[in-house]
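Peer 1:
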Amino acid sequence: AWQEVLRASPDRFLIQSSAGVGVSAINGTAPSVRRNRIINGDFGIAQRGENYIAAASGDRLLDRWKLASAGGMTIDVARKAFSPGQSEVPGSPQTYLEWKLAGTAAGYPAIEQRIEGVDCLPEGPATLSFFAMASRPVSMTATFRRHFGSGGSSSDVLVQQTLSLTTSWSRHSVAVAVASLDGKTLGDDHSLALEFNLQDGEAAVDISLADIQLEPGDIATPFERLSHAENLQRCQRYYELMAINMSCSN
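Whatever position you read off the sequence shown (first residue = 1), add 613 for the numbering used here.
#1: Per DSSP, what kind of secondary structure is residue 842 in: helix, strand or coil?
#2: DSSP state of residue 732, grouped into three classes?
#3: Write down the C-beta distance between residue 767 and residue 800 rounded to the nearest angstrom, noting that I regard them as a contact closer than 8 Å.
#4: So what's residue 758 in DSSP terms, helix, strand or just coil?
#5: Counting beta carbon pairs with one atom in the region 776-792 and one in the region 673-692, are three or more of them shorter than 8 Å?
#6: Using the beta-carbon count (16 or more within 10 Å), is residue 697 buried or exposed?
#7: Pull up the distance between the alpha-carbon of residue 825 and that of residue 832, whole angstroms please.
#8: Quick test of your reading: residue 788 and residue 771, contact by CB under 8 Å. State the CB separation rounded to the nearest angstrom.
#9: Pop quiz: residue 848 and residue 676 are said to be a contact at Cβ under 8 Å. What is the actual Cβ separation, rounded to whole angstroms?
#10: Do you know how far the Cα of residue 828 is from the Cα of residue 740?
#11: Using alpha carbons as the reference points, say which of 774, 760 and 810 lies closest to residue 798.
This is how it looks when you write it as structure tokens:
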């Protein structure tokens with residue numbers, strides 16, 4: 614009987630079956646395919662280093678993340694460690710990003726990740742989710758922009774949503790309507806960009822971000838946590854730090 618194999622709670626749905634259960638998709642994605650289009654969304658990989666003092670616009674930060682604009686502010690970025698056993702951010706994450714902004718914004722300070730290929734998400738609904746907190750209540754805007762590459766169509770914006778951050782960790786989600794590529798021209802190095810920014814005139818604030826996920830479908834599923842080895846391998850497609858040992862003799 615159904616009541617013997619199904620158990621449900623507000624945040625979990627369980628199917629008990631000794632014969633096994635076949636699943637064709639999770640939130641619209643095949644189980645063998647990684648759901649999260651963001652690479653290094655838990656900030657576990659830092660090949661260039663963990664601390665970036667007085668970062669300038671365009672500087673590369675933790676793997677796959679970039680300071681898109683300093684916005685006239687003094688920017689420090691660091692990878693920080695969660696305290697063992699903390700429960701505010703579930704799933705036992707180990708690291709998060711701390712984005713410290715000093716001064717007053719004369720522009721739009723922003724950090725960004727560009728995801729390879731504007732076609733990385735199928736047409737239809739997608740969902741961005743992440744945890745965030747700030748040193749004081751502040752508004753932060755999440756923007757998804759499609760860049761069609763050199764020789765391609767003009768960039769367009771899929772969504773731009775302003776979120777209210779508090780002094781405690783909380784999960785935020787943004788619904789993204791992925792428009793059709795019909796009629797678009799794809800040039801070289803086309804990409805989908807996720808950008809977090811503050812507003813012009815904003816005062817000093819510290820912002821912390823963790824477990825950033827972008828996935829097909831209209832449900833924000835739990836963060837897809839990868840092994841360190843797999844996360845590093847995905848980052849090394851774009852940047853690889855190599856140690857070279859040399860010795861000379863005569």
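All C-beta atoms in this analysis are idealised placements derived from N, C-alpha and C, irrespective of residue type, glycine included.
Peer 2: If we stick to the structure as given:
#1: Here the question's residue 842 lines up with position 229 in the sequence shown. Reduced to three states, the DSSP call for residue 842 is helix.
#2: Taking the sequence shown and counting its residues from 1, one reaches residue 732 at position 119. DSSP, reduced to helix, strand and coil, places residue 732 within a helical segment of the structure shown.
#3: Reading the sequence shown from its first residue, position 154 is the one you call residue 767. Reading the sequence shown from its first residue, position 187 is the one you call residue 800. Your pair residue 767 and residue 800 does not check out as a contact, with CB atoms roughly 11 Å apart and the cut at 8 Å.
#4: Working through the sequence shown from its first residue, we reach residue 758 at position 145. Strand, per DSSP.
#5: No contact exists between the region 673-692 and the region 776-792.
#6: Reading the sequence shown from its first residue, position 84 is the one you call residue 697. Residue 697 comes out exposed.
#7: Walking along the sequence shown from the start, residue 825 turns up at place 212. Walking along the sequence shown from the start, residue 832 turns up at place 219. Each residue's Cα considered, the two are about 14 Å apart.
#8: As a first step, residue 788 must be located in the sequence shown, where it is residue number 175. As a first step, residue 771 must be located in the sequence shown, where it is residue number 158. That pair is no contact at about 10 Å.
#9: For the purposes of this step, residue 848 is taken as residue 235 along the sequence shown, with counting starting at 1. For the purposes of this step, residue 676 is taken as residue 63 along the sequence shown, with counting starting at 1. With a Cβ gap of about 4 Å, residue 848 and residue 676 count as contacting.
#10: Counted from its first residue, the sequence shown places residue 740 at position 127. Counted from its first residue, the sequence shown places residue 828 at position 215. When rounded, the distance between both Cα atoms is 6 Å.
#11: For the purposes of this step, residue 798 is taken as the residue at position 185 of the sequence shown. For residue 798, the nearest C-alpha among the options comes from 760.
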